[in-house]
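Working notes, structure below.
Chains as they are written, first to last, in our numbering: chain A, 5 to 353; chain B, 30 to 210.
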């Protein structure tokens, strides 16, 4: 063993102390509370998505004539195909939910404020990237929702002034949905966006490491307790428990409500009742309330406001006496999103 | 002893020639990188951009004599898209006819004809159109969008329509018949 150790040591000259320093970031004590350890959840689910996604890619065939049947094969014939596909589908749902919850936690605790503005914006990019992966993902099944969702999505891009037409043609590979479209969605879903997401996650974590996690003190805590604990092994154990709990939850969901096959895509018939996945209900309802360009531009404006929120918030706090205006604005925003989502969920049209 | 790099050139006493050479070679390097990778980026973008517009063709629809004023027919394009063609005049040219697309101008879903309500309805975002294709409710009405009209022409007493010809197969691979319905 020793000779192997020295053989490796000569070829990988790692300093054990450096390694310990690198992996053992002190973790603020409040991360003992689950609510504050939500950032690791989407990261863990991302790994689940990569593993299940690679497995699905062994059978999936991204062409209009074959896609639906290959997903049907995965779901109905391949051994445990239903489980892998359902894990992937529920993993996506939980990942988006976890990203949103993590973002809400960061927002309502003001953790985006100076000097963490840049990481908030990286987080926004992660949110958009995650939603895009969700959107391109359900477009791949090539069921009715996939086809019409992709068509509507591309036409939303088209409604953006100046660059819209170009974006639509680049996304679809033509003036409308055509034989090349599915391959584009597939490569965007399975290569372009995951690589982008991984790079963004790395940036997100690197910035957290550079700045340290924002620390919080709670009233019911003993002030004499240590301010932080070790990442290894304490926080790693927390993450491992969360990972196990998530695997149990995913398996339960996959078993109780497995991913099913909707009606196959029919480019000539939009179903009488059509809805996107739940995380786009709010956008879908918004699109029914306003004309195309107005809806798309206002949604863009909301996203831009969210991006720049740390600076807007700082401006409000500097110039007015409403120091906690962000909390009320946040509550209003969450209620609006919830309201539109529930409205869309409850009605057929 | 080998000559040292830092040794002053007797012809370049104030170092301006060296600075010029260093600066210009950096600039040349930068220009080369920008031009090289920029050209590759442009080629990649051009590669991803569709090589040609959606192919369209003129297709035969009907003999003018068989479609009287006020009558409609349902034409099915080679893509399978149904097109409602109505004759509204009797001049004998293409201005007599209107060929309505069934693709919603809002975000591209297929509208449904609802006979009881005498209207076209888009299930995606609740767009409503009257029989002439004019939007009467929903986002298309707010934006003043109507159902698109396909180009028509009359040659030797025959009506032709210009429609897209490439189609995307159904998810289950079941074919659809094109041509006249």
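Just so you know, even glycine gets a beta-carbon here, dropped at the ideal spot from N, CA and C.
Starting from the beta carbon of residue i, find every residue of chain A whose beta carbon is closer than 9 Å, and list them in chain order.
i, result
"residue 78 of chain B", "170, 173, 174, 177"
Show which residues of chain B have a CB atom less than 7 Å away from the CB atom of residue i.
i, result
"residue 156 of chain A", "136, 137, 138, 153"
"residue 295 of chain A", "168, 171, 172"
"residue 273 of chain A", "139"
"residue 269 of chain A", "199, 200"
"residue 183 of chain A", "197"
"residue 69 of chain A", "198, 202"
"residue 190 of chain A", "Going along chain B, no residue has its Cβ under 7 Å from residue 190 of chain A, so there is no contact; the nearest lies around 14 Å."
Which bits of chain A does residue i rub up against, with CB to CB less than 8 Å?
i, result
"residue 107 of chain B", "None at all; the shortest Cβ gap to chain A is about 12 Å."
Anyone know if the C-beta pair for residue i and residue j falls short of 9 Å?
i, j, result
"residue 183 of chain A", "residue 200 of chain B", "no"
"residue 280 of chain A", "residue 142 of chain A", "yes"
"residue 56 of chain A", "residue 103 of chain A", "no"
"residue 192 of chain A", "residue 136 of chain A", "yes"
"residue 411 of chain A", "residue 185 of chain A", "With chain A represented from 5 up to 353, any question about residue 411 of chain A goes unanswered, as that position is not in the structure."
"residue 188 of chain B", "residue 91 of chain B", "yes"
"residue 123 of chain B", "residue 77 of chain B", "no"
"residue 265 of chain A", "residue 79 of chain A", "yes"
"residue 286 of chain A", "residue 341 of chain A", "yes"
"residue 96 of chain A", "residue 148 of chain A", "no"
"residue 220 of chain A", "residue 40 of chain A", "yes"
"residue 3 of chain A", "residue 259 of chain A", "No statement about residue 3 of chain A is possible, as the shown extent of chain A runs from 5 to 353 and does not include it."
"residue 192 of chain B", "residue 179 of chain B", "yes"
"residue 48 of chain A", "residue 247 of chain A", "yes"
"residue 134 of chain B", "residue 175 of chain B", "yes"
"residue 94 of chain A", "residue 201 of chain A", "no"
"residue 252 of chain A", "residue 122 of chain A", "no"
"residue 208 of chain A", "residue 105 of chain A", "no"
"residue 85 of chain B", "residue 97 of chain B", "no"
"residue 278 of chain A", "residue 136 of chain B", "no"
What is the C-beta distance between residue i and residue j, in whole angstroms, given that I count them as a contact (C-beta under 8 Å)?
i, j, result
"residue 314 of chain A", "residue 117 of chain A", "6 Å"
"residue 308 of chain A", "residue 320 of chain A", "Not quite, the Cβ-Cβ distance comes to about 17 Å (not below 8 Å), so this is no contact."
"residue 294 of chain A", "residue 348 of chain A", "Contact flag wrong, Cβ pair sits at about 14 Å."
"residue 292 of chain A", "residue 155 of chain B", "5 Å"
"residue 60 of chain A", "residue 88 of chain A", "6 Å"
"residue 232 of chain A", "residue 31 of chain A", "6 Å"
"residue 72 of chain A", "residue 145 of chain A", "7 Å"
"residue 158 of chain B", "residue 183 of chain B", "Residue 158 of chain B to residue 183 of chain B, Cβ: 26 Å. No contact."
"residue 140 of chain A", "residue 138 of chain B", "Wrong, their Cβ atoms sit about 19 Å apart, outside the cutoff."
"residue 83 of chain B", "residue 179 of chain A", "4 Å"
"residue 162 of chain B", "residue 129 of chain B", "5 Å"
"residue 222 of chain A", "residue 34 of chain A", "7 Å"
"residue 152 of chain B", "residue 353 of chain A", "7 Å"
"residue 67 of chain A", "residue 187 of chain A", "7 Å"
"residue 45 of chain A", "residue 250 of chain A", "7 Å"
"residue 93 of chain B", "residue 186 of chain B", "5 Å"
"residue 322 of chain A", "residue 218 of chain A", "Not confirmed; about 20 Å, so no contact."
Which chain A residues sit within Cβ distance under 7 Å of residue i?
i, result
"residue 110 of chain B", "272"
If the cut is a Cβ gap below 8 Å, which residues of chain B does residue i touch?
i, result
"residue 152 of chain A", "138, 153"
"residue 146 of chain A", "200"
"residue 159 of chain A", "135, 136, 137"
"residue 353 of chain A", "152, 155"
Mind listing the chain B neighbours of residue i? Cutoff is C-beta to C-beta under 9 Å, in chain order.
i, result
"residue 180 of chain A", "83, 132, 137, 193, 197"
"residue 223 of chain A", "Simply none; closest approach about 49 Å."
"residue 72 of chain A", "199, 200, 201, 202"
"residue 193 of chain A", "Ordered by position in chain B, no residue passes the 9 Å Cβ test against residue 193 of chain A, which lies about 16 Å from the chain."
Can you list, in chain order, the residues of the segment 80-99 of chain B whose Cβ is nearer than 8 Å to any Cβ on chain A?
Taking 8 Å as the Cβ-Cβ cut-off against chain A, the residues of the segment 80-99 of chain B that qualify are 82, 83.
Which residue spans inside the segment 119-202 of chain A form an unbroken alpha helix (DSSP H) run of at least 4?
Considered as a whole, the segment 119-202 of chain A harbours 121-143, 148-162, 168-176, 185-191 as its complete alpha helix (DSSP H) runs of no fewer than 4 residues, in chain order.
Interface residues of the segment 180-199 of chain B facing chain A [CB-CB below 9 Å]:
So the list reads 193, 195, 196, 197, 198, 199, given in the order they occur along the chain.
Going residue by residue through the segment 252-296 of chain A, where are the continuous alpha helix (DSSP H) segments of at least 4 residues, counting only ones entirely within it?
You should have 285-293.
Ignoring anything shorter than 3 residues or poking outside the segment 141-198 of chain B, list the beta strand (DSSP E) runs there in chain order.
Taking only runs of at least 3 residues, the beta strand (DSSP E) segments lying wholly in the segment 141-198 of chain B are 141-143, 148-151, 156-158, 164-166, 181-184, 187-193.
If contact means a Cβ-Cβ distance below 8 Å, which residues of the segment 311-342 of chain A contact chain B?
Considering only beta carbons, no part of the segment 311-342 of chain A lies closer than 8 Å to chain B.
Cβ-based contacts, 7 Å cut-off: residues of the segment 276-295 of chain A near chain B:
The segment 276-295 of chain A vs chain B, Cβ under 7 Å: 276, 277, 278, 291, 292, 294, 295.
Which whole runs of the alpha helix (DSSP H) in the segment 10-48 of chain A are 4 residues long or more, in chain order?
For the segment 10-48 of chain A, whole alpha helix (DSSP H) runs of length 4 or above, ordered along the chain, are 20-27.
Which parts of the segment 39-109 of chain A are runs of the alpha helix (DSSP H), unbroken and 4 residues or longer, counting only runs that do not cross its ends?
Taking only runs of at least 4 residues, the alpha helix (DSSP H) segments lying wholly in the segment 39-109 of chain A are 44-61, 71-80.
Note down, one range per segment and in chain order, each beta strand (DSSP E) of at least 3 residues found wholly within the segment 211-244 of chain A.
List check, beta strand (DSSP E) in window: 232-234.
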